[in-house]
Amino acid sequence: MSEISKVGIEKIGLYIPKYYVDLVDLAEKRGVDPNKWTIGIGQEKMSVIEESEDIVTMAANAANKILTEEDKKAISQVVFATESSIDFSKSAASQVHRLLSINKFAKSYEVKQACYSATAALLNAYNHVKLNPEEKVLILSSDIASYGANSGGEVTQGAGAIAVLVSNKAEILELSGKSLALTYDCYDFWRPSYREYPLVDGKLSTDTYINMFKENLEGFMEKYEDSEDSLQAFLFHLPFTKMGKKALVASKEDLGEKYGKQIDQWLDKYEDSTRLTRQVGNLYTGSLYLALISQMIYGDLEAGQEIGLFSYGSGAVSEIFTGYLAENYRDHIDVEDIKDSLNTRKEMSLDYYDEEYFKPKYIENQDREISLGEDVEGFYLEKIEDGKRYYNHR
Ligand code: HMG
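Set out below in structure tokens:
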């Protein structure tokens, strides 16, 4: 492990919405063999939001779980990664900045590159903190992955937010500084600004993901020859739990001669990193970091071990980077809170899901008072007036 620097992830917080849709029930309603979704795709449940939730409330609730008053004073940047924007100009970061009373001299802005953008923010934050070791950067990943009822991507929906605090006190993952990105220009998944939901070429999207992983991995291993034997596990952006495994299996076919032993080891550790995604679904920008939390909770990796992370955002950009698990990294995650959030969720009825859930939320004028469920807690959306969103807390 590097002696010179401990810059990386100090804290990580997860917000999971209170409602889910059961995918076995939904498969039956759609006339699909449930095994296709639970085994072929690898998903059991997907998170769905309530009227009073949006990307701002989810991000604020995730960050509120981890930030102390000291953190709020030390944060110099609030970066909001999303592809579920609620405004083409105003950034959701400034709303979270106010809701959490972060010091007024922190800059706040939103970033976009499909599911990849939180990784751009993380690696920029790493460089920033290296230069400014007293400062902290808060990265918010918050998304509602929706394709619409009866759509090809329906089983790969999800919602939730992850807050990551980057500082020179990496209590969870010390970033190594090793990284290699890759850019393609393709339409595998895209959402023109007039559309409520994205368009997707499912086959092209999975092929592009796999090809970019292979090319990125080969390039990374050539750039950092010492990584060949050191990476103990690989974490993936997981639009659904089978996706990273498909990339690993395809890589073994093509690159097995060089990296077969390593890939077998990554396959061996893979399932631990997918357990939360199986219950929650695609978090878009937060998905890779959900895999990190899952690995921390369910995995058996030891402090000091180096892990690889594969970030992917359609359109398409990928990046492989690595980090070292910190001493006692498991003590820095609230396992009980996460398990409790999962176990106390309520099932959304399929009638409500089909009839109400997909009513337009962003593109059309949505001015309204929000009717609050009794169990709403934390930050919530109170009303939308003249396109302005008003939030409250309870
Ligand atoms: P599909 O047409 O529903 O499924 O599309 P399929 O026909 O490809 O089958 C899926 C798997 O189920 C196959 O296994 C089948 O054999 C198996 P595989 O060949 O993959 O190993 N299967 C069964 N298994 C057991 N029992 C059965 C059975 N029947 C079939 N009875 C697709 C699936 C993921 C393409 C679709 O859901 C989709 O379009 N989703 C949205 C796009 C997506 O998630 N793409 C992933 C890569 S792109 C990405 O990650 C970026 C993204 O997060 C966005 C961003 O960056 O912003 C999406």
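Numbers given in our numbering equal positions in the sequence shown, counted from 1, plus 200.
Each residue gets a CB set at the ideal place from its N, CA and C atoms; glycine is no exception.
Consult DSSP for residue i and reduce its assignment to one of helix, strand or coil.
i, result
"SER514", "coil"
"PRO217", "coil"
"MET201", "Low confidence applies to MET201: its pLDDT is 46, below 50, so where it sits in the model is not reliable, and the reading given next is rough at best. Of the three classes helix, strand and coil, the one that applies to MET201 here is coil, per DSSP."
"SER430", "coil"
"TYR387", "coil"
"ALA314", "coil"
"LEU399", "strand"
"GLY486", "helix"
"GLU374", "strand"
"SER393", "coil"
"ASN528", "coil"
"SER308", "strand"
"LYS206", "coil"
"ILE497", "helix"
"ALA503", "coil"
"VAL576", "coil"
"ALA491", "helix"
"GLY352", "coil"
"ASP287", "coil"
Starting from residue i, trace the alpha helix (DSSP H) both ways and give me its first and last residue.
i, result
"VAL535", "535-543"
"ASN327", "317-331"
"ASN592", "Counting along the chain, ASN592 falls outside any alpha helix (DSSP H), though it belongs to the beta strand (DSSP E) covering 588-593."
"ILE339", "No alpha helix (DSSP H) contains ILE339, which is instead part of the beta strand (DSSP E) from 336-345."
"ILE463", "442-470"
"LEU417", "402-423"
"VAL296", "292-299"
"ALA281", "Here ALA281 belongs to no alpha helix (DSSP H); instead the beta strand (DSSP E) covers 275-281."
"LEU581", "Note, LEU581: premise wrong, no alpha helix (DSSP H); beta strand (DSSP E) at 579-585."
"LEU476", "475-480"
Check whether the Cβ atoms of residue i and residue j sit closer than 9 Å, and answer yes or no.
i, j, result
"SER174", "SER284", "Outside the displayed range of the chain (201 to 594) lies residue 174, so it cannot be described from this structure."
"TYR591", "GLN243", "no"
"ALA526", "LEU373", "yes"
"ALA447", "PHE436", "yes"
"ALA259", "ALA363", "yes"
"ALA345", "GLU253", "no"
"LEU223", "THR238", "yes"
"GLN505", "TYR524", "yes"
"ILE339", "ALA292", "no"
"LYS236", "ARG478", "no"
"SER379", "VAL207", "no"
"GLY508", "SER427", "yes"
"ASN264", "LEU226", "no"
"TYR484", "ALA320", "no"
"PHE389", "SER514", "yes"
"LEU492", "ILE216", "no"
"MET421", "TYR459", "yes"
Starting from residue i, follow its DSSP beta bridges and name the residues at the other end.
i, result
"THR522", "GLY508"
"LEU380", "ILE520"
"ARG568", "ILE584"
"PHE436", "PHE510"
"GLU547", "TYR220"
Terminal residues of the continuous beta strand (DSSP E) containing residue i?
i, result
"ALA362", "The sequence given here places Ile at residue 362; Ala does not occur at that position. Segment 358-367, the beta strand (DSSP E) holding ILE362."
Quick one: complete alpha helix (DSSP H) runs, 4+ long, within the region 210-273? 223-230, 255-264
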